[in-house]
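Undergrad: Please find one structure pasted underneath; my questions will follow.
Protein chains: 2
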Amino acid sequence: MTSTAPSDAVLGPAPDPAPEEALTPAGERLLEAASALFYRRGIRAVGVDLIAETAGTTKKTLYDRFGSKDELVARYLRRRARVWRAFLRAGMSDAPLGPGRPAAVFDVLEAWLREQDRGCAFVNAYAEVGGTDHPAVAEIRAEKQWMLRYLVALVAEAGVPDADRVGTELHLLYEGATVLATAAGVVDAPARARAAALRVLAV
Amino acid sequence: MTSTAPSDAVLGPAPDPAPEEALTPAGERLLEAASALFYRRGIRAVGVDLIAETAGTTKKTLYDRFGSKDELVARYLRRRARVWRAFLRAGMSDAPLGPGRPAAVFDVLEAWLREQDRGCAFVNAYAEVGGTDHPAVAEIRAEKQWMLRYLVALVAEAGVPDADRVGTELHLLYEGATVLATAAGVVDAPARARAAALRVLAV
DNA sequence: ACGTAACCACACCGGTCGGTATACTCGCAG
DNA sequence: CTGCGAGTATACCGACCGGTGTGGTTACGT
C-alpha cells in the first residue's frame, strides 16, 4: 500500500479484515446507541431496555439482531477498534517520514482523547468482564495485540534498530498516556509520552 | 526518615495520613469481603447481599457501618491504596541507592502483579464510576497523584536531573506496564518497563 | 398471490438491585 | 439495674435486570 501504514510484509498477514457483517437499519441504530451508552456509562450500567428505547426500537429487535447483550458488547468493541484504526491511519498519513515518525502516534492519540474523554474502551471493558469467558475478552486482547504490532512495524519502517523492543516501549507509553489522561486527569499525558517516545527512539 | 522512601522535604507535607477510622469486627469482615469481591468481579457486578453473606453478617449491619454501597466502595479503594503503599515501601527498602534506584519500582510492581491479577483497582474502578459524582472518583485521583509524587521524589533523591519530567515518564511506563500485563496478558510488561525506565534515567 | 424478513407494540417471566423496617439478643459501662 | 451500641434474623419495598412470547403491520421478491 502506501507509506501511511506499516506494510503487510512487516505486519505479516494483515490481521485486520473481517468485513463487518451488514446490519439492518434498526440493528444499526441499536449498535450506535449501545456504543455511545456503553462507552459513556459502562457496560453493566446500561440495560437493554435503555438501549432499545434510545435506538427508537424494541428489545425484541435487539435480541433478533444480536442474540444477547454479551454479543452486542462484543460488536461494540469490534466496531470501535475499526473506527480507531481508521482515525489512526488517517492521522499518520500527515506524519513526515524518518526516525521520529512513530512519535506522531501520540499526536493522533492526543486528538482522539480530546473527544473520547472516557479513555480506552477496551481497558474499561476489561475492568468489567476480565476474568470471565465474556466474548468481549477476545476483542480486547486482539486490539492490544494489533496496536503492539502496528507500533513495532512503524518503528521498523522508520529504520530504527531494535524495532521489537522499541515498539514495545512505545506501547507502554501509549497505554500509560491514555490511562493517565483519563483516570488521573493529566491532560498533557500524550504530549509527555510523545517527548519520552522521541528519547526512546533515540532521535 | 530513612532512605527507603522519598523524604517529606521533597514530597511536601506528606499527603499520606488519614489514620483509617477504626471498624467494628463485623464492619471489618464486611470491608474485607467487599474488597476481595470488588477487585475480582468489579463493583457493579457485586451486590450488597452477596457482600453481607460472604462476610457472615447482614445487610442491616452493612448499612449501619457504611451508610451506602458507594461509601463502602470508597473505603475499599482507600484501604487498597494503603496496602499498596506499604507493599511498595517495603519492596523499595531492599533497593540499592544510586541513579538506578527508581527502576526498582518496576520490580515491586512485577511482584505485586503476580498476586493481583486483575490489575489496577483504581483504573478498573474508574472504568465503572468515571464521569459521575461517585465518592470513589476522589480516591482514584488521589492515588494517581500520590504515585506521581512518589516517583518524582524518588528520581530527585537519586540525584537524577530533571526529576519532574523523568518522574512523569516513569509514571507513564508504570501505568502502561500495569495495563498491558493485565488487559493484554503481556506478562513481561513490568520487566520491559523497567528496562525502558533505566534508559529514561540515562543510567 | 404467497412467503418471508424486518419491524413494532406490549405483556410477561424469575431474579436481583440498593435500601429500609421490625424485632430480638448480647455484653458492657454508667 | 439500666441504657446503649453492636450484632443477628427476616421480611419487605419499588425498580430494574436480561430475556422471551404473541400478535400484527409493512415492504419486497418470486
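If you read the sequences in order, they're chains X and F.
Be aware that the first sequence starts at 1, since it is given in this note's numbering, and climbs by one per residue.
Be aware that the second sequence starts at 204, since it is given in this note's numbering, and climbs by one per residue.
The beta-carbon is built from N, C-alpha and C at its ideal position, and this holds for glycine as well.
For residue 404 of chain F, which residues from the same chain have a beta carbon less than 7 Å from its beta carbon, with the 5 sequence-adjacent residues on both sides left out?
TA: Once the five neighbours on either side are set aside, the close Cβ partners of residue 404 of chain F are 302, 303, 305, 306, 363 and 369.
Undergrad: Can you look up residue 35 of chain X in the DSSP assignment and give me helix, strand or coil?
TA: Here residue 35 of chain X sits in helix by DSSP.
Undergrad: How would you list, in chain order, the residues of chain X whose beta-carbon sits under 7 Å from the beta-carbon of residue 371 of chain F?
TA: The answer, in chain order, is 192.
Undergrad: Consider the Cβ of residue 254 of chain F: report whether some Cβ of chain X lies at a distance smaller than 7 Å.
TA: No, no contact with chain X.
Undergrad: Over the uninterrupted alpha helix (DSSP H) stretch that includes residue 115 of chain X, give me the two end residues.
TA: Unbroken alpha helix (DSSP H) run through residue 115 of chain X: 104 to 115.
Undergrad: By the three-class DSSP mapping on this structure, what secondary structure does residue 227 of chain F have?
TA: Note: residue 227 of chain F maps to coil in three-state DSSP.
Undergrad: Can you look up residue 370 of chain F in the DSSP assignment and give me helix, strand or coil?
TA: Residue 370 of chain F: helix per DSSP, three-state reduction.
Undergrad: What's the call for residue 230 of chain F, buried or exposed, on a 16-neighbour Cβ count within 10 Å?
TA: Label assigned to residue 230 of chain F: buried.
Undergrad: If the cut-off is 7 Å on Cβ atoms, which residues from the segment 117 to 141 of chain X count as contacting chain F, listed in chain order?
TA: For the segment 117 to 141 of chain X, which is checked against every Cβ of chain F, the residues closer than 7 Å are 118, 122, 123, 124, 126, 127, 128, 130, 131, 140 and 141.
Undergrad: Assuming contact is defined by CB atoms lying nearer than 7 Å, are residue 106 of chain X and residue 181 of chain X in contact in what I supplied?
TA: Not closer than 7 Å, so no.
Undergrad: So with CB distances below 8 Å, who are the chain F contacts of residue 115 of chain X?
TA: Those within 8 Å of residue 115 of chain X in chain F number zero; the least Cβ separation is about 14 Å.
Undergrad: Whole angstroms are fine: how far does the CA of residue 270 of chain F sit from the CA of residue 242 of chain F?
TA: Cα-Cα distance, rounded: 21 Å.
Undergrad: Given a cut-off of 7 Å, decide if residue 46 of chain X and residue 69 of chain X are closer than it, judged by their beta-carbon atoms.
TA: No.
Undergrad: Counting only the same chain and skipping the five closest in sequence on each side, list residues whose C-beta sits under 7 Å from that of residue 240 of chain F.
TA: Within the same chain, residue 240 of chain F has close Cβ partners 249, 253, 254 and 257.
Undergrad: Flag this pair as touching only if the segment 325 to 339 of chain F and the segment 127 to 139 of chain X have three or more C-beta atom pairs under 8 Å; answer yes or no.
TA: Touching, yes, given that three or more Cβ pairs across the two stretches are closer than 8 Å.
Undergrad: Return the CA-CA distance between residue 365 of chain F and residue 351 of chain F, expressed in angstroms with no decimal places.
TA: Approximately 14 Å, taken between the alpha carbons.
Undergrad: I'd like the list of long-range same chain contacts for residue 264 of chain F, defined as Cβ closer than 6 Å, with 5 residues on each side in sequence excluded.
TA: Cβ neighbours of residue 264 of chain F beyond the five flanking positions: 229.
Undergrad: By the criterion of Cβ-Cβ separation under 9 Å, what are the contact partners of residue 243 of chain F in chain X?
TA: Those within 9 Å of residue 243 of chain F in chain X are 131.
Undergrad: Which residue's Cα is closest to the Cα of residue 373 of chain F: F:389, F:398, F:386 and F:391?
TA: Nearest of F:389, F:398, F:386 and F:391 to residue 373 of chain F, Cα basis: F:398.
Undergrad: Taking residue 388 of chain F as the query, report the chain X residues whose CB atoms sit under 7 Å from its CB, ordered along the chain.
TA: The contacting residues are 141.
Undergrad: Counting along the chain, where does the alpha helix (DSSP H) carrying residue 86 of chain X start and finish?
TA: Run containing residue 86 of chain X: 69 to 92, per the alpha helix (DSSP H) assignment.
Undergrad: Could you check if residue 93 of chain X is buried or exposed, using at least 16 other CB atoms within 10 Å of its CB as the buried criterion?
TA: Its Cβ having fewer than 16 others within 10 Å, residue 93 of chain X is exposed.
Undergrad: Shortest alpha-carbon distance to residue 144 of chain X belongs to which of X:20, X:77, X:63 and X:34?
TA: Considering only alpha carbons, the answer is X:77.
Undergrad: Tell me whether the beta-carbon of residue 277 of chain F lies closer than 7 Å to the beta-carbon of residue 339 of chain F.
TA: In contact: residue 277 of chain F and residue 339 of chain F (Cβ atoms closer than 7 Å).
Undergrad: Where do the ends of the alpha helix (DSSP H) carrying residue 133 of chain X lie?
TA: It is not in any alpha helix (DSSP H) - residue 133 of chain X carries neither H nor E in the DSSP assignment.
Undergrad: Work out the CA separation of residue 139 of chain X and residue 20 of chain X for me, nearest whole Å.
TA: If you take the alpha carbons of residue 20 of chain X and residue 139 of chain X, they lie about 14 Å apart.
Undergrad: Leaving out five residues on either side along the sequence, give the residues of the same chain with a beta carbon under 8 Å from the beta carbon of residue 42 of chain X.
TA: Cβ neighbours of residue 42 of chain X beyond the five flanking positions: 124 and 128.
Undergrad: Residues in the same chain with beta-carbon distance under 8 Å from residue 117 of chain X, minus the five sequence neighbours each way, listed in chain order, please.
TA: If we look at residue 117 of chain X and ignore the five residues flanking it on each side, its Cβ neighbours are 182.
Undergrad: Taking the beta carbon of residue 83 of chain X as the centre, do at least 16 other beta carbons fall within 10 Å, making it buried, or is it exposed?
TA: Looking at its Cβ environment, which holds fewer than 16 other Cβ atoms inside 10 Å, residue 83 of chain X is exposed.
Undergrad: Does the distance from the C-beta atom of residue 294 of chain F to that of residue 311 of chain F stay below 7 Å?
TA: Yes, they are a contact pair.
Undergrad: Taking only the alpha-carbon atoms, compute the straight-line gap between residue 133 of chain X and residue 199 of chain X and give it to the nearest angstrom.
TA: Residue 133 of chain X and residue 199 of chain X: Cα-Cα distance of roughly 40 Å.
Undergrad: Out of F:325, F:237 and F:283, point me to the one whose CA is closest to residue 184 of chain X's CA.
TA: Considering only alpha carbons, the answer is F:325.
Undergrad: Less than 7 Å between the beta carbons of residue 189 of chain X and residue 177 of chain X, yes or no?
TA: Going by C-beta atoms, residue 189 of chain X is nearer than 7 Å to residue 177 of chain X.
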